[in-house]
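Position 217 (the first sequence) corresponds to 216 in numbering that gives the first Met the number 0; numbering is contiguous.
Each residue gets a CB set at the ideal place from its N, CA and C atoms; glycine is no exception.
Note that the structure is a prediction, hence the values are computed from the model and not measured.
Written below as structure tokens is the structure these notes are about.
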Amino acid sequence: MGAFGQRLAHVRPQALGLALLLADAEELPRDLRRDHRRARPAALAIAVKGAPTVVISGEALEDLSPLGPALNGEGAPYAVIHDAHRTLGVLRRFGLEVQRFGCTLTAATLLAEGADGQRDDRELAPLVQDHLGQELTDGLRQGLVPSALERTITPIAAARAELLVPLIRRLVPLLRERRLATIFELECNLIPAVLAMENAGFALDARALQRLVDAWRLERKTAEEPKRISRLDKLISTLGYWPRDYVELDGRIRCRLHPLATDSGRFSCQSPNLQQVPAEHTAPGVRGCFVAPPGRRLVIADYAQIELRVAAHIARCRTLRQVFVDGRDVHRATAAGLARKPEEEVTDRERKLAKAINFGFLFGMGARRFREYAANSYGLELDLRAAEAARDAFFTTFPGIAAWHGKVGALSQRARSEDVTVHTILGRRRRFPAGTFSFNSALNIPVQGTAAEGFKLAMIDLHRELQAIDGQGVLVIHDEYIAEVPEERAEEARGIVQRTMEAAMARVIPSVPIVAEAHIAGSWAEK
DNA sequence: ATGGTAGATAGC
DNA sequence: GAATGCTATCTACCAT
């Protein structure tokens with residue numbers, strides 16, 4: 000309990016709420032989750048089966064007494080809501096009774112987001128001054144951009160978070176009972192690392208990005224090839240306004256990271272979505288605009304074939320596991336199985352095909368779909384027979400994977416008439432209500448989710464380890480971690496990042512060796 | 001004018 | 001028996 004209290008001292012209330020929300024995400028309507036994400040800092044939700052649904056917000060931190068009855072299980076589900084109109088609408092749609100709402104943080108949110116002209120509830124502004132004080136209104140007058148404003152709000156509200164400790168105390172036994180305590184604790188521990196990452200932002204050479212955008216606009220005028228035109232349009236429309244709208248006065252770009260918004264446990268990212276910045280092969284130069292400032296370096300790290308390794312563990316596939324235990328090349332191993340020859344004799348083309356096979360068939364892709372996939376992603380033309388042969392070879396090479404597919408496939412019978420739930424290693428759940436089962440999701444979510452959990456454990460450790468050497472994570476992209484570190488300690492940091500990532504994931508995936516690769520760079524584009 | 005969705009395309 | 005999955009954001013389109 001004391002541990003929770005300490006953590007909460009660092010916690011932005013909306014983030015805490017999301018953690019609570021996640022504790023049983025499967026029980027909460029997806030729309031509501033999305034609404035929280037968009038509206039933050041707005042309402043928070045706690046949903047635990049068998050307990051009342053509680054939605055609270057910053058204001059509730061000042062006055063917890065109304066929560067008593069709800070937490071005691073007396074009375075109706077209780078809600079205190081700030082993002083008045085939209086959140087109320089969502090809650091009512093789901094039949095949640097709303098007994099009270101306030102507007103302190105809503106006002107802050109509205110003003111923060113109003114900077115881009117999206118909001119019109121300006122009459123709430125005076126309340127901000129009453130409740131959040133001079134610091135915030137000064138920030139507004141100085142024309143702070145929205146994300147900076149939000150960071151101004153955060154410490155003020157977080158200072159009151161300790162009041163939530165009694166609430167947590169009641170929640171924990173319920174979480175234990177549902178075997179959600181582990182994942183809950185993980186998400187709570189993660190929050191400071193995520194907040195620090197959001198606050199740090201990524202240094203961006205905005206002028207260089209602007210030059211790229213200008214070049215695309217110029218090319219667009221004379222481009223003829225439809226494919227090229229649509230790509231240019233996409234790039235211009237998504238990246239064109241980043242330099243103006245997202246780069247802050249300190250020359251850094253900041254996104255919102257959401258550890259709790261997805262079914263799988265991966266992060267989502269928005270405003271802007273830095274998790275889909277075009278790679279070099281799509282739009283050369285873009286990642287090169289994401290840089291380390293003078294005196295600093297980037298450490299860029301990612302896990303090697305993490306999904307295959309996690310799948311080997313979950314499926315208990317001995318042959319796939321053995322590939323990694325031996326330190327062999329997994330794509331080469333598949334190619335050898337397909338071509339019926341030793342791994343040393345595999346050609347480049349065979350290995351490329353094997354790579355497509357490994358990623359495609361692992362999560363239940365069919366031969367027909369695989370043809371498209373191989374053609375689009377790898378430039379490999381196959382007829383249906385070849386695709387089927389590839390599929391057979393994959394399952395013959397890794398019989399444990401075939402058995403795992405069989406086991407999951409067997410669930411689909413039962414799933415027609417009853418709920419089916421799949422789990423990650425640490426206990427995150429995805430429930431499929433009767434009739435909604437998806438074979439592919441049931442394969443994918445435990446693997447993707449378990450990988451995400453190992454990565455989140457790593458992020459917690461990385462946050463601490465990097466702090467000690469004046470380093471700071473700046474972005475995560477599913478299996479990739481980017482940190483900014485002092486130039487003179489870059490090599491040391493590289494080792495720390497690599498070892499920390501490997502060790503944390505290994506705690507979740509004990510039966511398969513984990514490999515992370517890390518390098519030092521001046522920009523995101525450097526290999 | 002605003003709101004919701006489909007499809008395409010970007011990431012992993 | 002067959003079945004990749006998880007996202008965000010843009011444009012186009014249709015409905016209110």
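Quick test of your reading: residue i and residue j, contact by CB under 8 Å. State the CB separation rounded to the nearest angstrom.
i    : j    : result
H312 : V511 : 5 Å
A355 : L379 : 6 Å
L297 : N357 : With a Cβ gap of about 29 Å, L297 and N357 do not count as contacting.
V407 : F362 : Contact doesn't hold; Cβ gap of about 10 Å is too wide.
L256 : E197 : 6 Å
L185 : E452 : 7 Å
A314 : W403 : 3 Å
A300 : A517 : 4 Å
E490 : I468 : At roughly 11 Å, the Cβ-Cβ gap does not stay under 8 Å, so E490 and I468 are not in contact.
Alpha carbon to alpha carbon, how far is residue i from residue j?
i    : j    : result
Y302 : T499 : 11 Å
R384 : D391 : 10 Å
A502 : A457 : 8 Å
Q269 : R339 : 46 Å
P432 : A414 : 8 Å
L189 : I459 : 5 Å
F360 : R320 : 17 Å
F393 : D325 : 19 Å
L465 : P341 : 43 Å
D204 : V475 : 19 Å
A401 : R317 : 12 Å
W215 : I252 : 21 Å
A353 : D244 : 43 Å
P485 : S522 : 14 Å
S229 : A374 : 20 Å
M504 : E479 : 13 Å
V246 : R370 : 42 Å
K526 : A409 : 44 Å
T181 : T237 : 38 Å
V212 : G434 : 47 Å
K226 : G494 : 42 Å
L461 : D382 : 47 Å
G470 : V290 : 15 Å
Taking 7 Å as the cut-off, decide whether the C-beta atoms of residue i and residue j are in contact.
i    : j    : result
C288 : P271 : no
A282 : L234 : yes
P292 : V285 : no
S416 : F436 : no
Y372 : K351 : no
P445 : T423 : yes
E279 : A524 : yes
A441 : V309 : no
G448 : G264 : yes
A199 : V496 : no
T420 : R428 : yes
Taking C-alpha atoms, which residue in the options lies nearest to residue i?
i    : options                : result
R367 : K354, A386, K351, E380 : A386
V193 : A502, E501, F454       : F454
L506 : L425, V446, A282, A524 : The residue asked about is misnamed: residue 506 is Arg in this sequence, not Leu. Measuring from the Cα of R506, the nearest candidate turns out to be L425.
N443 : D262, M504, A199       : D262
F242 : R210, G434, A451, D328 : One point to set straight first is that residue 242 is Pro, not Phe, in the sequence displayed. Nearest option by C-alpha distance: R210.
A334 : A374, K226, T395       : T395
F201 : I495, Q497, E487, A482 : A482
Q304 : D328, R230, Y245       : D328
F266 : H477, T181, S522       : H477
P509 : A389, T346, F323       : F323
R206 : G470, G250, A389       : G250
G365 : R348, A388, T346, D347 : A388
Evaluate the contact criterion for the region 215-229 versus the region 273-280: three or more CB pairs, one atom per stretch, below 8 Å.
Taking 8 Å as the limit for Cβ pairs, the verdict is that the region 273-280 does not touch the region 215-229.
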